[in-house]
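Visitor: Numbering (this note's numbering), first residue to last: 1069 to 1284. Let me begin by handing over the structure; questions about it come next.
Structural data, given as structure tokens:
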């Protein structure tokens, strides 16, 4: 796995359906060495701290390998790194093989997988397509949120090396499917495990418990 691009943005006011919206989704690539702190990447601002940011959503990564899928789906060839709102564009990142609690070393930093991403209307703003959040959800490949275990510096082309995987966990993709795919037959089993994971963000542990109750 390799870090293809580091992307950040400042908060800005954008118009969506005739209304002003404060957002940090319009991220652009950075060059050079960048510092990763406990709450964000240096230079990145998060407008909606209820749904983005904080300790458990300090860094968001999306797979470089998903870009061709989206270009074909949207009929576009102009998707730039960061357009999905990701801080890190990572080659080889696979949600099905990435587990809650996995730790990765990138440069001198260590990141830990904390939860999947739930897309909102701001993705529609970024892609200029109102169907984007629904399409994103139905792909089940929604990227990965990380908490920062060890602050440090990262640089484009750094290796994205897994250094620890917990023995009993669930993949990011299977957890997202368990929450949003009604046809997923393993949902109950996945949610049972997820609801007990201390490395899963508290918000998602509560979501898993609530969903599990509804399934029973």
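Even for Gly, the Cβ is constructed at its ideal location relative to N, Cα and C. In this text, all values refer to a predicted model and were calculated from it rather than measured experimentally.
Determine the closest residue to residue 1115 out of 1138, 1079, 1190, 1127, with distance taken between C-alpha atoms.
Guide: By 1-based counting over the chain shown, the position of residue 1115 is 47. Checked all of 1138, 1079, 1190, 1127; the closest Cα to residue 1115 is 1079.
Visitor: Near residue 1156, which residues of its chain fall below 7 Å by C-beta distance, leaving aside the five closest residues on each side in sequence?
Guide: As a working note, residue 1156 is residue 88 in the chain shown. Excluding sequence neighbours, residue 1156 sits near 1071, 1074, 1127, 1129.
Visitor: When the Cα atoms are used, what is the spatial distance from residue 1202 to residue 1172?
Guide: On the chain shown, residue 1202 is found 134 positions in, with the first residue counted as 1. On the chain shown, residue 1172 is found 104 positions in, with the first residue counted as 1. For residue 1202 and residue 1172, the distance between alpha carbons rounds to 29 Å.
Visitor: Which one of 1102, 1132, 1175, 1146 has the shortest CA to CA distance from residue 1196?
Guide: Working through the chain shown from its first residue, we reach residue 1196 at position 128. When each option's Cα is compared against that of residue 1196, the closest is 1146.
Visitor: Between which residues of its own chain and residue 1192 is the CB-CB distance below 7 Å, once the five residues before and five after are set aside?
Guide: The sequence position of residue 1192 within the chain shown is 124, counting from 1. Excluding sequence neighbours, residue 1192 sits near 1198, 1200, 1201.
Visitor: Within 8 Å, do at least three Cβ pairs link the segment 1173 to 1189 to the segment 1269 to 1283?
Guide: The segment 1269 to 1283, when compared against the segment 1173 to 1189, does touch it at the 8 Å Cβ threshold.
Visitor: For a test of the three-state rule: what should DSSP assign to residue 1152, helix, strand or coil?
Guide: Working through the chain shown from its first residue, we reach residue 1152 at position 84. It is coil, neither helix nor strand.
Visitor: Tell me the rounded alpha-carbon separation between residue 1084 and residue 1188.
Guide: The residue given as residue 1084 occupies position 16 in the chain shown. The residue given as residue 1188 occupies position 120 in the chain shown. Distance between the alpha carbons of residue 1084 and residue 1188: 13 Å.
Visitor: So within the segment 1109 to 1146, which uninterrupted beta strand (DSSP E) runs reach at least 3 residues, ignoring any that extend past its ends?
Guide: Those beta strand (DSSP E) runs which fall completely within the segment 1109 to 1146 and span 3+ residues are 1127 to 1131.
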